[in-house]
Amino acid sequence: MKKPVLAVIGHGMVSHYFLQQLVDRELHQHYDIVVFGEERLPAYDRVHLSEYFAGRSAQSLSLVSEGFFAESGITLHCASKIVAIDSQQRCVRDAQGVETHYDTLVLATGSYAFVPPISGNTRPGCLVYRTLDDLDAIAAQAENAKSGVVIGGGLLGLEAANALRQLGLETHVVEFAPRLMAVQLDEGGAMMLQRKIEALGVQVHTRKETREIIDGEQARHRLCFADGSFLETDLLLFSAGIRPRDELAESAGLQKGPRGGIVINDHCQTSDSAIYAIGECALWNGQIFGLVAPGYQMARCVADKLAARDTPFTGADMSTKLKLLGVEVASIGDAHGKTAGSQSYQWTDGPREIYKKIVVSADGKRLLGAVLIGDSADYSLLLQMVLNDMPLPAQPQTLILPALSGDAPKGLGVAALAASAQICSCHNVSKGDIAAAVAGGCSELGALKSCTKAGTGCGGCVPLLKQVMEHELAQLGVEVKKDICEHFAWSRQELYHLIRLHDIRTFDALIDQFGQGHGCEVCKPLVGSMLASCWNDYLLKPQHLPLQDTNDRFFANIQKDGTYSVVPRIPAGEITPQGLIAIGEVAQRYNLYTKITGGQRVDLFGARLEQLPAIWEELIAAGFETGHAYGKSLRTVKSCVGSTWCRYGVQDSTGMAIALENRYKGLRSPHKIKMAVSGCTRECAEAQGKDIGVIATDKGWNLYVCGNGGMKPRHADLFASDLDSEALIRTIDRVLMFYIRTADRLQRTSTWLDNMEGGLAYLKQVVLEDSLDIGAELEREMQQVVDSYQCEWKTTLDNPQNRLLFRGFLNSDKPDEAVVMVPERGQIRPATAQEKTPMQSHPHTGDGEWEHIAALADIPANAGMAARLGQQQIALFHLPGSEQQVFALENHEPGSHANVLARGLVGDAGGEPIVISPLYKKRFRLCDGQSLDDAGLRLRVWPVKIQHGQVWVQHAPATQNTFPAIAEAS
């Protein structure tokens, strides 16, 4: 049976959200859905459109996930303009005359930029700011312009002004009203906003009526004002409001409002019950909603109607929180105090340029509205108070006065919110929805976002979302603790500060003063990383070696077969022909598989442990050094060729990338760091997907922070614009050291920023405004790291004793017989029985006899080394403080083909000595080989004795669970 046709005209943000809602309700299985988009591109994020001029690509702005249309069966026609609707025949006709039948029609045509009827408004160079095509036209005009003017001082006008500023133009805003953002802000808030914007170099002209636009004398255009003054400019943008795209209503005979807009009822139906309208083209109760959240609400309403659910549209809150030219601005409810009898409280912090105002009811019991300029941290709580009619505290002014130091007034906060309270308006997520998700196992902010979609729209609700999550966890009896592990009852941040404040240089000193036990796979690498971040000491010193996971212990990346990959540093991808030849010769000599990495380096796979020093020696002789690909540290700084070769490049991106890589190489951090530098806004180095991204401008560098191209990609945020090279490096110093100080264990910069109270605004305050007065201290700490840099490969090679740590076996030079290189793409597989090299047993030992293995001093304290015992490989672990100093277990790591257990970390669990396997982090008791994670898994163990400082192991594996300590013979 043929399915009914659901046609959608328009494919913007609201339209695409509507399609997602249809799929969520499985309506794509009941309708043939066809969508007509007038623009050449599918739906994109119009809210963040100004970031396009800061280097963000059209692809990254796209709202369409990969495979969406193919998987849902929805048909999308881009660049397809519908010119008429025949409501009698129920068909739509496009500009080419092609007709498409519909059974149900949804109009999501949005709005267009209003151009005032000013003489000269169609001159070349007079543009609007609405679509990506508009932005391309603006960028083209800006190439030959020095100045730009925006007519309109509302939300969109200020966004457009920001775009012109990012293009490097002298920027002016002309507004007819006496103040900026007259719809949202009161006079006090507007004046504060104007002062902050003018401080950024944007000139504001209020009370200006433009009468005509003519040729200029010093610039392309002259704006002639009613008061006789004028302003000249090379580029002119109109952003004086929007008008609904309702022209199709004429041909369909649909009812329109006196001033435009397609009239809809509470179910978003037009005067024709088969036709719906959503978003900015729709007129509900005489009102057009110019924000995306109400459009999303309409989309949900129609999707529910089609799914036979009744969720009428009853209007939408028009509160808004955003950043205009970097200035935090928020308007809530009745911001102007128009409600009869209402009263207001205002607070101004002149030095910090912060303005706050609340409007309360006549009886002082209810919050009606608010205005926040310069600091919008209270937005979420105040909005919830308005939306949910929550009672005010006895002293309402405490809501905006700073004396609270961030604490919610008594009786307020998330606990007071009803389950129906809407936390995320973009995706209609209530407190009850969040509570259900937390109860279902979402105990981390990222998981909660993925599950509920809350916080993934405009992002304004994230701070409140985090508060609700933590409140719900507490209600479930889950303590929201930051303890690292059983050995340290401290968070990572607290441990870092203890190390700094007490000048702690070793793990033993830290655990003696502030911990307990012997450590584990969590705290040991963590403390090792923090000690390196603070003091940058050589990692293989005896006091540091036991802290290092296998990658940091052997300065190479372990692979699943137990071999390692070697990555020499190639700063910014710049390499000489001689360097390429040297790498190729090393790969050929040691039979290594080679691959170009995404960070513009060469990775050499398949190196056995004992081969590493020799490989490094040859690479160092050829001028290379360690690339730190094994560490939680700076990995790479990717670059394009910039102005050196590219005809579009405006700065030497390669030179800057080399400078950044050489400065930050070796910096240990909570997680790996990736950087990139692009020589122009074409962004060939993909800087906006990196932890630190730099994009060249004709005035300097734009800095982006906290991007991530990993499993959960996050677009980087523009942090500062047009920095000179010195300011750029100083700013990056501060960002990275603040990240190292405050991030959680193994937390990427993207997650760090997403979970930071105050988000990007707070980070800017700390780094750019030095609000904590720690800027110079952060710079000093970074310089200390830079000054103490060492190539860990070279340091290892300079000391013959260090080389001994890289032996494959304590008592044999034979390579691991389990590793065999095969020709197909350099793959490594387990050796077959025929390929394995026979091993000779000790000539004078039997199953019950003892074999001498090595000197006790050959096994690093609190660490392990591999040895051969007849036909077996064993892992020996040296714990000087234990009754039994040395433990012997089989060297094979269960669940793998690798003989690598000796390279695992040694620690304790509940006071019981354990080893944590290097590949899959399985924990085994040293005394009996029993797995702590799998009751059915146990490793073989062998009796060990120490005589005259020498280690002896009995050939027969032990049958008992534990062994008494065998004292050292006299």
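Under my numbering, the letters of the sequence shown match residues 99 to 1068, in that order.
Note that the Cβ used here is the ideal one computed from N, Cα and C, for glycine as well.
| field | Where Thr308 sits in the DSSP three-state scheme | value | Position 210 of the sequence shown, counted from the start, is the residue given in the question as residue 308. Strand.
| query | Got a sec, what are the start and stop residues for the alpha helix (DSSP H) Asp432 sits in? | reply | If you number the sequence shown from 1, residue 432 lands on position 334. Segment: none, Asp432 is in no alpha helix (DSSP H) and carries neither H nor E.
| said: Please report the straight-line C-alpha distance between His813 and Gly979, rounded to a whole angstrom. | reply: Position 715 of the sequence shown, counted from the start, is the residue given in the question as residue 813. Position 881 of the sequence shown, counted from the start, is the residue given in the question as residue 979. Those two C-alpha atoms are separated by around 49 Å.
| query | Hey, Tyr860 and Trp850 are a contact pair by Cβ (cut 8 Å); roughly how many whole angstroms apart? | reply | Position 762 of the sequence shown holds residue 860. Position 752 of the sequence shown holds residue 850. So it is not a contact: roughly 12 Å between Cβ atoms.
| query | Going by the beta-carbon positions, is the gap between Arg590 and Arg843 smaller than 8 Å? | reply | Indexing the sequence shown from 1 puts residue 590 at position 492. Indexing the sequence shown from 1 puts residue 843 at position 745. Less than 8 Å separates the beta-carbon of Arg590 from that of Arg843.
| said: Please classify Ile694 as buried or exposed, where buried requires at least 16 other C-beta atoms within 10 Å of its C-beta. | reply: For this step, residue 694 is matched to residue 596 along the sequence shown. With fewer than 16 other Cβ atoms within 10 Å, it is exposed.
| task | Between the Cα of Val527 and those of Gly805, Asp447, Ser548, spot the shortest distance and give me the residue it belongs to. | result | Stepping through the sequence shown from its first residue, residue 527 is reached at position 429. Taking only the C-alpha atoms, the option nearest Val527 is Ser548.
| Got a sec? Which residues, its chain only, sit under 6 Å from Pro958 by beta carbon, not counting five neighbours each side? | The sequence position of residue 958 within the sequence shown is 860, counting from 1. Cβ within range, chain order: Leu643.
| task | Tell me where the alpha helix (DSSP H) around Pro410 begins and ends. | result | Taking the sequence shown and counting its residues from 1, the one referred to as residue 410 is at position 312. Unbroken run through Pro410: none, as it is neither H nor E.
| request: Evaluate contact between the segment 215-235 and the segment 391-405, counting only Cβ atoms and requiring at least three cross-stretch pairs below 8 Å. | output: no
| query | Using the rule of at least 16 other Cβ atoms within 10 Å of the residue's Cβ for burial, across every protein chain shown, is Asn997 buried or exposed? | reply | In the sequence shown, residue 997 corresponds to position 899, counting from 1. By the neighbour-count criterion, in which 16 or more other beta carbons inside 10 Å mark a residue as buried, Asn997 falls on the buried side.
| task | With DSSP as the reference, label Trp963 as helix, strand or coil. | result | Position 865 of the sequence shown, counted from the first residue, corresponds to residue 963. The amino acid occupying residue 963 in the given sequence is Met; Trp does not appear at that position. In the structure shown, Met963 sits in a strand (DSSP, three-state: E or B).
| task | In the DSSP assignment, find the alpha helix (DSSP H) that holds Tyr762 and state where it starts and stops. | result | Looking up residue 762 in the sequence shown gives position 664. In the DSSP assignment, Tyr762 falls within the unbroken alpha helix (DSSP H) covering 751-762.
| field | Residues near Asn634 by beta carbon distance below 8 Å, same chain, minus five either side | value | In the sequence shown, counting from the first residue as 1, residue 634 sits at position 536. Excluding positions up to five away in sequence, the list reads Gly764, Arg766, Gln882, Val883, Ser886, Tyr887, Gln888.
| query | From which residue to which residue does the alpha helix (DSSP H) around Arg320 run? | reply | Here the question's residue 320 lines up with position 222 in the sequence shown. Run containing Arg320: none in the alpha helix (DSSP H); it sits in the beta strand (DSSP E), 319-323.
| Nearest to Asp1114 by CA position, among Ala428, Thr207, Ala514, Phe605, is which residue? | Outside the displayed range of the chain (99 to 1068) lies residue 1114, so it cannot be described from this structure.
| request: Round the Cβ separation of Asp647 and Pro1011 to the nearest angstrom and send it over; I've been treating them as touching at under 8 Å. | output: The residue given as residue 647 occupies position 549 in the sequence shown. The residue given as residue 1011 occupies position 913 in the sequence shown. No, Asp647 and Pro1011 are not in contact; Cβ-Cβ is about 18 Å, not under 8 Å.
| field | Residues sharing a beta bridge with Asn800, DSSP | value | Taking the sequence shown and counting its residues from 1, the one referred to as residue 800 is at position 702. Per DSSP, Ile793.
| For the segment 369-383 against the segment 198-205, are there 3 or more C-beta pairs whose distance is under 8 Å? | yes
| task | Enumerate in chain order the residues of its own chain whose CB-to-CB distance from Asp432 is below 6 Å, with the five nearest sequence positions on each side excluded. | result | The residue you call residue 432 lines up with position 334 of the sequence shown. Same-chain partners within the cutoff: Val457, Leu466, Gly467.
| Does the segment 325-344 come close enough to the segment 230-242 that 3 or more CB-CB pairs lie under 8 Å? | With a cut-off of 8 Å, the segment 325-344 and the segment 230-242 count as touching, because enough Cβ pairs lie within range.
| request: Answer with buried or exposed for Gln1058, where buried requires no fewer than 16 other C-beta atoms within 10 angstroms of its C-beta. | output: Reading the sequence shown from its first residue, position 960 is the one you call residue 1058. Annotation note: pLDDT 42 at Gln1058 (below 50); position unreliable, coordinate value reported separately. Label assigned to Gln1058: exposed.
| query | DSSP state of Lys693, grouped into three classes? | reply | Reading the sequence shown from its first residue, position 595 is the one you call residue 693. If DSSP states are grouped into helix, strand and coil, Lys693 belongs with the strands.
| field | Sequence-distant residues of its chain with Cβ nearer than 7 Å to Pro1070 (five each side left out) | value | Nothing can be reported for residue 1070, as the shown portion of the chain is limited to 99 through 1068.
| field | For Asn806: DSSP bridge partner residues | value | Looking up residue 806 in the sequence shown gives position 708. Answer is Arg812, bridged to Asn806.
| Runs of beta strand (DSSP E) lying entirely within the segment 332-360, each at least 3 residues, in chain order | 333-336, 340-342
| For the alpha helix (DSSP H) that Cys399 lies in, which residues bound it at each end? | Taking the sequence shown and counting its residues from 1, one reaches residue 399 at position 301. Here the alpha helix (DSSP H) through Cys399 covers 390-404.
| query | To the nearest angstrom, how far is it from the Cα of Gln641 to the Cα of Asn649? | reply | Against the sequence shown, residue 641 aligns to sequence position 543. Against the sequence shown, residue 649 aligns to sequence position 551. Answer to the nearest angstrom: the Cα atoms are 17 Å apart.
| request: Count the other C-beta atoms from every protein chain shown that fall within 10 angstroms of the C-beta of Gly299, then say buried if there are 16 or more, exposed otherwise. | output: As a working note, residue 299 is residue 201 in the sequence shown. Exposed, by the Cβ-count rule.
| message | Nearest by alpha-carbon distance to Gly777: which of His769, Lys788, Met754 is it? | response | Your numbering for residue 777 matches position 679 in the sequence shown. Selected option, being the one with the closest Cα: Met754.
| task | Note down, in chain order, each residue of its chain lying with its Cβ closer than 8 Å to the Cβ of Leu834, except the 5 sequence neighbours on either side. | result | Numbered from 1 along the sequence shown, position 736 holds the residue referred to as residue 834. These residues qualify, in order along the chain: Tyr762, Leu765, Ser767, Ile771, Ile790, Met880.
| said: Please give me, in chain order, every unbroken run of the alpha helix (DSSP H) with length at least 4 that falls completely inside the segment 636-685. | reply: 648-652
| Three-state secondary structure (DSSP) at Asn313? | Sequence index remark: in the sequence shown, residue 313 carries index 215 (1-based). Residue identity differs from the one stated: residue 313 is Asp in this sequence, not Asn. Strand at Asp313.
| query | Taking Cβ positions only, does His199 come closer than 8 Å to chain D? | reply | Looking at the structure shown, chain D is missing, and only one protein chain is on hand.
| Hey, Gly626 and Leu645: beta-carbon distance below 8 Å or not? | Residue 626 sits at position 528 when you count from the first residue of the sequence shown. Residue 645 sits at position 547 when you count from the first residue of the sequence shown. Yes; because the gap between Cβ atoms is below 8 Å, this pair is in contact.
| request: Measure the C-alpha to C-alpha separation of Phe653 and Trp891 and round it to an integer number of angstroms. | output: As a first step, residue 653 is located in the sequence shown; it is residue number 555 there, counting from the start. As a first step, residue 891 is located in the sequence shown; it is residue number 793 there, counting from the start. CA-to-CA, the gap between Phe653 and Trp891 works out to about 7 Å.
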